[in-house]
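Asker: As given, the protein sequences belong to chains A and B, one line each in that order.
Residue numbers for the first sequence follow this note's numbering, beginning at 20 and rising by one.
Residue numbers for the second sequence follow this note's numbering, beginning at 53 and rising by one.
Glycine included, every Cβ here is placed at the ideal spot set by N, Cα and C.
So that we are looking at the same thing, I have put the structure below in structure tokens.
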Amino acid sequence: MADIYTLGIDVGSTTSKCLILKNGTEIAASSLIPAGTGTSGPGRALAETLNDAGLKLEELAAVTATGYGRNTFEGADFVVSELSCHALGAAALMPGVRTVIDIGGQDAKVLRVSPAGRLERFLMNDKCAAGTGRFLEVMARVLETDVSQLAEMDEKAKGVVPISSTCTVFAESEVISQLAKNVDIRDLVAGIHASVAVRTAGLARRLGVTAPVGMTGGVARNAGVVRALEKELNAPIAVSPMAQLAGAYGAALYGFKKKEG
Amino acid sequence: MNEVKMLLDELAAVCANPKAQLDAAVADGRKCVGVLPYFSPEELVYAAGMLPFGLWGAEMQANESKRYYPAFICSLLHTVLELGLKGALNDLSAIMVPICCDSLKGFGANWKYGVGEAVPVIDVAWAENRKIPAGVEFTRSQFRKVLGQLEAIAGDRVSDAEIGASVAVYNENRAALRAFSAAAARRPEAVSPTARCAAIKAGYFMDRAEHTEKLNALTAALAALPEQKWDGLRVVTTGILADSPALLRILEDNQIAVVGDQIAQESVNFRVDTPVTDDPVEGIAQRLGQVEGCSVLFDPGKQRGKELIELAKKVNADGILWVMTKFCDPEEYDYVPVKRMADAAGIPLLAVEVDQQMVNYEQARSAIEAFAEILRF
């Protein structure tokens, strides 16, 4: 029987993620382009993934689009919300997970997932950048560092400088005030991560936290946030190395399941 | 089908341009009185020969109003005040302002200061303890006071017989609205959420007798349609307003029909008739004690959740959509117990925050799409 290839593309607000699954289980190729909806990112992610897999578009059994820019992506056989795709992807990448915390570029979501990976219920953050990837980017800029360095800085922190506000604009002012007091930047980073964790944990508690807990989305790559969130929720959090690709994985899996009937 | 579409289009046109209704009434020499939600005694305005003109906000950016209200006040009040400040409501002979939530309490003062005497304010007070005899008596006495102010504007006394006749017109309109709502639930393929909302909302800008006539024709035309299977989802809505065109379009994009509601602007306003009593003003006061399902009403027994769940079961809804008016504290307070009751009843409930000043509905779209995916599974 011929192999079935399905492609999932997660067109996010700041990144485009694409992944091809072979027979619904094996990752044939994937790519992540740091450019989101409305940019060349989705096209580049698609081309790169097809190229890496050595496949042509017409050889794919299904293309499923998800993410913030899912409705503007042309050529999809299926368009599915990122919430359902993250649930499906997280359950496949972290089997048994029941609560998924997904923090992306500009929003945060908490999902309750059935043992079969079906989205059961969810909550999204208020329309505010606080507690999202964008929040961390703004903070990194103020601290004259790159967002990718934050986890390492947090690791070396000796204390936590509290950032009381969870509004990005006000928090930026708070961070500047703390810098003016010459506090250790690493402790400040730990405080920023704690601030994200408090906000996200609040969202999670509103939904209800059922263990095991897993995390997806770009912010899951930041071990400092994950640690702070584990502390805040008093529960271990599983993170897959493919966390940022969970939505695209779920989309590809959705396409496969649809084709399988 | 053509008749259904024609009537729905007519009512949608009224909603799309309420100012035209106001202008036409004024051109006819009829005085118009603005009616702010909630539960202002519209019947008294109608009895005085004037046109009650509903003020439920507008889809617009409010700028001037922010001189009077902070940003975290609901858009309904911001945009009505904005319209007043810009002179768009200067043709109103007065505006009735109930004082039943914290934000409304300051509205009259803001209006008086900002808009001035061009459109005088009639404060409408009603009893929070609306069911007990003392509460009904208080509300009755306040509504009599309102009547006096309306008489002064109309330039004529209003008899109890005239109020009784007005109550009859309103009760007929409520009956027509209930019949239309039920018919629309049976014909989701013919009445989209946008069309359903517009048909109901149009009544706030029309003479109620004329609205009744249109609705009755519409309900009859819907009944004459051949049976058609609906493969989409069926939801019940709750909240203050569910008239955002963008939100309603998202429902339509996801094949979601509104088969019932507990929306202040919609069914909450027509589910209960005004009792016919010797003193018709007392009847209007009594009605307030019988209405349930609105967050601004004192509801110690938490009837809202019970009523909502019963409605969802009755109309066989797949789920409940809570259209949460941004910055509405009474709605936020109600959400927690109602959500728990819906969970206990096994009815999926999604809350989506909406603001009349919103321009980007993508988060709402994602949430509704995901909700639809859950319901369809």
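Sort out for me which residues DSSP pairs residue 84 of chain B with in a bridge.
Answerer: Looking at the DSSP assignment, residue 84 of chain B forms a beta bridge with B:103.
Asker: Looking at residue 288 of chain B and residue 360 of chain B, is the spacing between their C-beta atoms short of 9 Å?
Answerer: yes
Asker: What residue from A:274, A:237 and A:257 has the CA that sits closest to residue 54 of chain A's CA?
Answerer: A:237
Asker: Taking the alpha carbon of residue 42 of chain A as the point to measure from, which residue in A:52, A:56 and A:26 has its own alpha carbon closest?
Answerer: It is A:26 whose Cα lies nearest to the Cα of residue 42 of chain A.
Asker: Any beta carbon of chain B sitting closer than 9 Å to that of residue 141 of chain A?
Answerer: yes
Asker: Closest to residue 188 of chain A by CA distance: which of A:153, A:207 and A:202 is it?
Answerer: Considering only A:153, A:207 and A:202, the residue with the shortest C-alpha distance to residue 188 of chain A is A:153.
Asker: Output yes or no for whether 9 Å exceeds the beta carbon distance between residue 356 of chain B and residue 386 of chain B.
Answerer: Result yes, Cβ atoms of residue 356 of chain B and residue 386 of chain B sit closer than 9 Å.
Asker: Does DSSP put residue 193 of chain A in a helix, a strand or coil?
Answerer: helix
Asker: With the cut-off set at 9 Å, would you say residue 256 of chain B and residue 104 of chain B are in Cβ contact?
Answerer: yes
Asker: Quick check on residue 228 of chain A - is its C-beta less than 9 Å from some C-beta in chain B?
Answerer: False, the Cβ-Cβ gap to chain B never drops below 9 Å.
Asker: Mind checking who residue 140 of chain A pairs with in its DSSP beta bridge?
Answerer: A:131
Asker: Evaluate residue 193 of chain A with the Cβ neighbour count: other Cβ atoms within 10 Å of its Cβ, from every protein chain shown; 16 or more gives buried, anything less gives exposed.
Answerer: Flag for residue 193 of chain A reads buried.
Asker: Use the C-beta contact count for residue 75 of chain A: other C-beta atoms within 10 angstroms, 16 or more gives buried, fewer gives exposed.
Answerer: By the neighbour-count rule (16 or more Cβ atoms within 10 Å), residue 75 of chain A is not buried but exposed.
Asker: Grouping DSSP H, G and I as helix and E and B as strand, with all else coil, what is residue 37 of chain A?
Answerer: Judged by DSSP in its simplified three-state form, residue 37 of chain A adopts strand.
Asker: For the beta strand (DSSP E) that residue 374 of chain B lies in, which residues bound it at each end?
Answerer: From DSSP, the beta strand (DSSP E) with residue 374 of chain B extends over 371 to 377.
Asker: Given a cut-off of 9 Å on the beta-carbon distance, is the pair residue 47 of chain A and residue 29 of chain A in contact?
Answerer: no
Asker: Identify whether residue 402 of chain B lies in helix, strand or coil by the three-state DSSP scheme.
Answerer: strand
Asker: If you measure beta-carbon to beta-carbon, which residues of the region 409 to 427 of chain B are closer than 9 Å to chain A?
Answerer: Per Cβ criterion, the list reads 410, 412, 414, 415, 417, 418, 419, 420, 421, 422, 423, 424, 425 and 426.
Asker: Under 6 Å Cβ to Cβ from residue 5 of chain A, same chain only, skipping five residues before and after it: list those, please.
Answerer: The shown model of chain A, from 20 to 280, leaves out residue 5 of chain A, and the question about it has no answer.
Asker: Does the Cβ of residue 405 of chain B have 16 or more other Cβ atoms within 10 Å, making it buried, or fewer, making it exposed?
Answerer: buried
Asker: Answer yes or no: do residue 178 of chain B and residue 201 of chain B have a C-beta to C-beta separation smaller than 9 Å?
Answerer: no
Asker: Using the three-state DSSP reduction, which class does residue 129 of chain B fall into: helix, strand or coil?
Answerer: helix
Asker: Just to confirm before moving on: does the CB-CB distance between residue 267 of chain A and residue 113 of chain A stay below 9 Å?
Answerer: no
Asker: At what residues does the alpha helix (DSSP H) containing residue 422 of chain B begin and finish?
Answerer: 414 to 428
Asker: Would you decide whether residue 124 of chain A is buried or exposed? Buried here means 16 or more other CB atoms lie within 10 Å of its CB.
Answerer: That one is buried.
Asker: Check each residue of the region 100 to 118 of chain A: if its Cβ is closer than 8 Å to any Cβ of chain B, include it; give the result in chain order.
Answerer: 100, 101, 102 and 103
Asker: Which of helix, strand or coil does DSSP assign to residue 275 of chain A?
Answerer: helix
Asker: Using CA coordinates, which residue listed in B:125, B:253, B:250 and B:171 is at the minimum distance from residue 381 of chain B?
Answerer: With distances taken between Cα atoms, residue 381 of chain B lies closest to B:125.
Asker: Is residue 241 of chain B buried or exposed, if buried means 16 or more other CB atoms sit within 10 Å of its CB?
Answerer: exposed
Asker: Going by DSSP in three states, residue 387 of chain B sits in which element: helix, strand or coil?
Answerer: helix
Asker: Applying the 10 Å Cβ sphere with the 16-neighbour rule, what's the burial state of residue 162 of chain B?
Answerer: buried
Asker: I'd like the span of the alpha helix (DSSP H) that includes residue 185 of chain B, first residue to last.
Answerer: 185 to 206
Asker: Within 9 Å of any Cβ in chain B, is that where the Cβ of residue 96 of chain A sits?
Answerer: no
Asker: Taking just the CA atoms, how far does residue 89 of chain A sit from residue 300 of chain B?
Answerer: 20 Å
Asker: In chain B, which residues lie with their C-beta within 7 Å of the C-beta of residue 71 of chain A?
Answerer: Per Cβ cutoff of 7 Å: no residues; residue 71 of chain A is ~29 Å from chain B at best.
Asker: Let's see if you can read the secondary structure: which residues bound the alpha helix (DSSP H) around residue 314 of chain B?
Answerer: From DSSP, residue 314 of chain B is part of no alpha helix (DSSP H) but of the beta strand (DSSP E) over 308 to 315.
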